[in-house]
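Novice:
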Amino acid sequence: MRFALFLFSFFLMTSCYKGESVDLIIHNADIHVMNDALDKAEAIAIKDGKIIEVGPERQILNKYTANRIINAQQKDVLPGLHDAHGHIMSLARQRQNVDLRGVRSYEEMIRNVEKYQNKNQKSIIQGRGWDQSLWNQKDLPTHHQLSKAFPNTPIALTRIDGHAMLVNEAMMKFANISDSLTIEGGVVDTEKGILLDYALDYVNNQLPAPQPEDLKKSIREIQDELLAYGITHVHEAGLHRHELKIFQDLAQSNELNIQVYAMLFPSEENFQFANDNGFYREGNLAVRSFKVIVDGALGSHGACLLQPYADSATYGIMLQKPEKVQEIFQRAKSLGYQLNSHCIGDSANRIVLRTIDTLMIDIPDHRWRIEHAQVIHPSDFDLFEKSRALPSVQPTHATSDQRWAKDHLGEDRLIEGGYAYKTLHDKSGMILFGTDFPVEDFDPFATIHAATKRQNTANEPTKGFLPNEQVSYPITLKAMTLWAAYGAFEESRLGSLEVGKQATLTVLDQPIEQKEGYAPNYANLTIIDGEVVYDMDGDL
4 MRFALFLFSF
14 FLMTSCYKGE
24 SVDLIIHNAD
34 IHVMNDALDK
44 AEAIAIKDGK
54 IIEVGPERQI
64 LNKYTANRII
74 NAQQKDVLPG
84 LHDAHGHIMS
94 LARQRQNVDL
104 RGVRSYEEMI
114 RNVEKYQNKN
124 QKSIIQGRGW
134 DQSLWNQKDL
144 PTHHQLSKAF
154 PNTPIALTRI
164 DGHAMLVNEA
174 MMKFANISDS
184 LTIEGGVVDT
194 EKGILLDYAL
204 DYVNNQLPAP
214 QPEDLKKSIR
224 EIQDELLAYG
234 ITHVHEAGLH
244 RHELKIFQDL
254 AQSNELNIQV
264 YAMLFPSEEN
274 FQFANDNGFY
284 REGNLAVRSF
294 KVIVDGALGS
304 HGACLLQPYA
314 DSATYGIMLQ
324 KPEKVQEIFQ
334 RAKSLGYQLN
344 SHCIGDSANR
354 IVLRTIDTLM
364 IDIPDHRWRI
374 EHAQVIHPSD
384 FDLFEKSRAL
394 PSVQPTHATS
404 DQRWAKDHLG
414 EDRLIEGGYA
424 YKTLHDKSGM
434 ILFGTDFPVE
444 DFDPFATIHA
454 ATKRQNTANE
464 PTKGFLPNEQ
474 VSYPITLKAM
484 TLWAAYGAFE
494 ESRLGSLEVG
504 KQATLTVLDQ
514 PIEQKEGYAP
524 NYANLTIIDG
534 EVVYDMDGDL
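Read in order, the letters of the sequence shown correspond to residues 4 to 543 in this note's numbering.
Written out as structure tokens, the structure reads:
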């Protein structure tokens, strides 16, 4: 029978008794309350956007009446899922340009650019998403084929991780990129046409910016896609002031249906915003954190390591000088703002963990976060417990990076401290899961599969990547609900289906726990503050 939302009074059910009136009842459900005790329930009553009671089927149906009653037909019901590290704005920008995700060769990349240009006729071409590891190529590409195919049109193509850029000769000329150009925290290689880390900003700041209305349109489309997966909350991992303004506009016009916890880049404009507004909330938009990028990405040899890469003489790149890190950290502390640090390499992680431990010793509940925490020196895992920093990781990074992680790190360093999600949880007592989209897909069920099975959506590798670091289903679900809410200071409102909290939840189409390999899954219904915002059957 088709799963449906019954938008009418159950006359036969309610005529036999007089119960307390609520707005919505969900019953015949497998409700994962996601509280500390991991309780289960069968029915839930909702009124004025909040949870009134969760409990047994008979108890809820006998106690309450409602005009809207959902028979969940034994489907899983979860709190609305969080993506604890995503980039809505980056994805919105990407959708204005050439999408290069998943291209299998340099030649295919050029064909995609040609198709885009034939359709759009741009004077300057921008794109993102290429990953040379999908081309059976270890080294970053060079510009020569791109320059030959497009001798006159400036082109900037950003790698999937956002930390490397391929530019053609026309772009080098347009942006005044030469051998004499030096950029602190960045690398410029004119022979290859490759830029790393802060060198990307030098180019991006000279390129045409998308129009705010185009970005708003893309954000509205993206949030609909997120809701179809049951994702109701995104921790937006880094915004400039003008980008925050776009989210503010959407929130003020009630067009921001998902809940966004925004991290601000530590610019003077954003520090002034925090000073003027304190902890900011407008509709579904909340701001009380900064995001600092401490090192580069592992895939482009930019993550800062204590010892050189196994396949390169480089140690990676520290994007912030230690004194600058200290300054940013002190200013965030003075404002009472959370600070979330992008740290991928073991050197970057060590520096930041030690700084947090020293600086935040007098604040027991600071909730400062390490974003990514991909490579940790074995002696530094205890620093997560000691400093009380929260690890915020992306399980699908592990299953994507497994193609080349051993080459970059070497076997010993990989095994001892790479993508160590179980160890991080055990040391911290808590862990947050996100996807880093658009670097990865925001499919939360791919995240669950990667965390619990250590496999990608093709169920590779067969025995799992570093299988000793897989985590259980309960830990995984908490990392995407209750603990993610805690990491955004939202645990009193969201993250579990407990009395008094906001009625933000999803009814899943298929069982949450797959017995075999990865299988696609979606939300059947997504509800925010008691309102149905997505219905798979289109019966809103």
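Here a beta-carbon is modelled for each residue, glycine too, at the ideal position from N, C-alpha and C.
What is the DSSP secondary structure of isoleucine 54, counted as helix, strand or coil?
Specialist: strand
Novice: Candidates Val536, Leu427, Leu500: which alpha carbon is nearest valine 57's?
Specialist: Of the listed residues, the one whose Cα sits closest to valine 57 is Leu500.
Novice: What does the alpha-carbon distance come out to for the pair proline 82 and aspartate 538?
Specialist: One C-alpha to the other measures close to 16 Å.
Novice: Nearest CA to the CA of valine 1: which residue from Glu414, Asn524, Asp446?
Specialist: In the structure displayed, the chain extends from 4 to 543; residue 1 sits before or after that span and is not available.
Novice: Could you check whether arginine 353 and aspartate 385 sit closer than 8 Å to each other, using their CB atoms as the reference points?
Specialist: no
Novice: Is the number of C-beta pairs between the stretch 155 to 167 and the stretch 90 to 108 that are closer than 8 Å three or more?
Specialist: Segments in contact, yes.
Novice: Give me, in chain order, the residues of the same chain whose beta-carbon lies closer than 7 Å to that of asparagine 524; leave out the 5 immediate sequence neighbours on both sides.
Specialist: Phe448, Leu511, Asp512, Gln513
Novice: For methionine 4, which three-state DSSP category applies?
Specialist: Confidence in methionine 4 is poor, its pLDDT being 38 and thus under 50, which makes the residue's placement unreliable; the coordinate value appears in the next sentence. If DSSP states are grouped into helix, strand and coil, methionine 4 belongs with coil.
Novice: Which residues share a DSSP beta bridge with glutamate 25?
Specialist: First, the residue type needs correcting, since residue 25 is valine and not glutamate in the sequence shown. DSSP output for valine 25 lists Ala69 as bridge partner(s).
Novice: Would you mind reading off the limits of the beta strand (DSSP E) that contains arginine 416?
Specialist: For arginine 416, there is no enclosing beta strand (DSSP E); the enclosing alpha helix (DSSP H) has its first and last residue at 414 to 420.
Novice: So, are the CB atoms of isoleucine 434 and proline 394 less than 8 Å apart?
Specialist: yes
Novice: Alpha carbon to alpha carbon, what distance is there between threonine 460 and threonine 358?
Specialist: In this structure, the straight-line span from the alpha carbon of threonine 358 to that of threonine 460 is close to 37 Å.
Novice: Using only CA atoms, which one of Thr465, Asp439, Ile249 lies nearest to histidine 85?
Specialist: Asp439
Novice: For glutamine 517, tell me which candidate among Lys456, Ser495, Met483, Val442 has the shortest Cα-Cα distance.
Specialist: Lys456
Novice: Return the residue from the list Met37, Ile29, Ile28, Gly22 that minimises the CA-CA distance to glutamate 494.
Specialist: Of the listed residues, the one whose Cα sits closest to glutamate 494 is Met37.
Novice: Answer with buried or exposed for aspartate 182, where buried requires no fewer than 16 other C-beta atoms within 10 angstroms of its C-beta.
Specialist: exposed
Novice: Would you identify the three-state DSSP class for arginine 162, choosing helix, strand or coil?
Specialist: Strand, per DSSP.
Novice: Using only the alpha-carbon positions, how far apart do histidine 304 and alanine 506 sit?
Specialist: 44 Å
Novice: If you drop the 5 nearest sequence neighbours on each side, which residues of the same chain put their C-beta closer than 7 Å to that of glutamate 246?
Specialist: Met92
Novice: Out of Gln458, Leu203, Ile28, state which residue places its alpha-carbon closest to the alpha-carbon of valine 80.
Specialist: Ile28
Novice: With a Cβ-Cβ cutoff of 8 Å, do glutamate 216 and arginine 244 count as a contact?
Specialist: No, Cβ-Cβ distance for glutamate 216 and arginine 244 is not below 8 Å.
Novice: Which partner residues of serine 344 appear in the DSSP bridge assignment?
Specialist: Val295, Ile373
Novice: On the DSSP bridge assignment, give the partners of proline 394 in chain order.
Specialist: Ile373
Novice: How far does the beta strand (DSSP E) with threonine 509 in it reach, from first residue to last?
Specialist: Per DSSP, threonine 509 belongs to the beta strand (DSSP E) from 508 to 511.
Novice: In three-state terms, what does DSSP make of isoleucine 34?
Specialist: strand
Novice: What span of residues does the alpha helix (DSSP H) with glutamate 224 cover, start to end?
Specialist: 215 to 231
Novice: Which residue or residues does DSSP assign as beta-bridge partners of glycine 130?
Specialist: Val101, Leu160
Novice: With distances taken between CB atoms, is the gap from leucine 210 to leucine 242 smaller than 8 Å?
Specialist: No. Outside cutoff.
Novice: What is the rounded straight-line gap between the Cα of serine 403 and the Cα of leucine 497?
Specialist: 30 Å
Novice: With DSSP collapsed to three states, give me the class of alanine 44.
Specialist: strand
Novice: With a threshold of 16 other CB atoms inside 10 Å of the CB of glycine 421, please say whether the residue is buried or exposed.
Specialist: Within 10 angstroms of the beta-carbon of glycine 421 lie 16 or more other beta-carbons, which makes it buried.
Novice: Exposed or buried, which one is arginine 131 when buried takes at least 16 other CB atoms within 10 Å?
Specialist: buried
Novice: Compare the C-alpha of leucine 322 against each of Ile72, Lys466, Val295 and name the closest.
Specialist: Val295
Novice: Rounded to whole angstroms, what is the Cα-Cα separation between phenylalanine 274 and isoleucine 72?
Specialist: Approximately 47 Å between the Cα atoms of the pair.
Novice: Looking at C-alpha atoms only, which residue of Asp33, Gly467, Asp540, Leu218 is the closest neighbour of alanine 75?
Specialist: Asp33
Novice: Give the secondary structure of methionine 168 by DSSP, where H, G and I count as helix, E and B as strand, and everything else as coil.
Specialist: strand
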